[in-house]
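Trainee: Quick note, in the numbering used here, the sequence shown goes up one by one and the last residue is 260.
Backbone N, C-alpha and C fix where the C-beta goes; we use that ideal spot for every residue, glycine too.
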Amino acid sequence: MATEINDIIKPENLVGKKSALLTDVPMHYCPGCSHGVAHKLVAEVIEELGIQAETIGVGPVGCAVFIYNYIDIDWHEAAHGRAPAVATAVKRLMPEKYVFTYQGDGDLAAIGTGETIHACNRGENITIIFINNGIYGMTGGQMAPTTLAGMKTSTCPAGRELKNFGHPLKMTELVAQLEGTCYVTRQSVHTPIAVKKARKAILKGFKNQKMEKGVSFIEIVSTCNSGWKMSPVEANRWMQENMFPFYPLGDLKDI
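1) Within the continuous alpha helix (DSSP H) that includes residue 179, where are the two ends?
2) Report the three-state DSSP secondary structure of residue 72 (helix, strand or coil).
3) For a quick check, are the C-beta atoms of residue 254 and residue 50 less than 8 Å apart?
4) My output table needs one value for residue 138: the three-state DSSP class, helix, strand or coil.
5) Rounded to whole angstroms, what is the Cα-Cα separation between residue 6 and residue 202?
6) Closest to residue 121 by C-alpha separation, out of 176, 235, 22, would be which residue?
7) Tell whether a beta-carbon distance below 8 Å holds between residue 39 and residue 133.
8) Since I believe residue 167 is in contact with residue 154 (beta carbons under 8 Å), could you give me their beta-carbon distance rounded to a whole number of angstroms?
9) Report the three-state DSSP secondary structure of residue 221 (helix, strand or coil).
10) Using only CA atoms, which one of 244, 118, 69 lies nearest to residue 193?
11) Since residue 62 and residue 80 should fall inside the 8 Å C-beta cutoff, what is the C-beta to C-beta distance between them, to a whole number of angstroms?
12) Using the Cβ count rule (16 or more neighbours within 10 Å means buried), how would you classify residue 152?
13) When you compare the CB positions of residue 87 and residue 117, do they come within less than 8 Å of one another, or not?
14) Under three-state DSSP, which class holds residue 258?
15) Can you give, in chain order, each stretch of the alpha helix (DSSP H) that sits fully within the stretch 79-119 and has at least 4 residues?
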């Protein structure tokens, strides 16, 4: 029995432990939101690497705008969509620091498309964490560049119609084609196994900075049960049935 218990509580099997870098500030996210889990993983990775004092995060405009309240590291807030440009400046001025952006799909794939593409193309030695829930969560559930065909939002209540609104934008596939990216992956955090894989991806993204390999781009396909008008359980099921076929999980590039 003792051996079985020890097997259960091995560090690599822990999912619910709170990182020392997470503050005691209550998170403002809706119940069931994926942001809280993603924050936890970022904090765990920074703590594991022992780089709290050497890490600078660049926050977005969107649901995660208050991320600086939750993870105890140095932060720089960026204007909407400009996080990769700000991260570029920070990294070039302080190349010894670990620099990452944390952005939603509206921030990264809409107003920030140019900054994202050019930072990836230049091969800036940063890590980009991209939360994709297919909708504008903070501002009322509007259609985003990543909204699926037929998916209902407040600005396309009958569903995204491709003829007028165009196709969903696969940012991860786009940046994987650019010479400046060294690691491009798509993960999720809807199950314990998925959480472990996402954590491993974020860890790799930070380690790549030490080797000066270029941009590590980590997409996390996420839920927005409030914007999707679903319960957390329904949102996870809907994501698996609809988001994953269009945004398949796994590594796209690793050099």
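Mentor: Reading off the structure:
1) 176-181
2) helix
3) no
4) coil
5) In this predicted model, residue 6 has a pLDDT of only 46, less than 50, meaning its place in the structure is not dependable enough to derive any value.
6) 176
7) no
8) 5 Å
9) strand
10) 244
11) 5 Å
12) buried
13) yes
14) strand
15) 88-98
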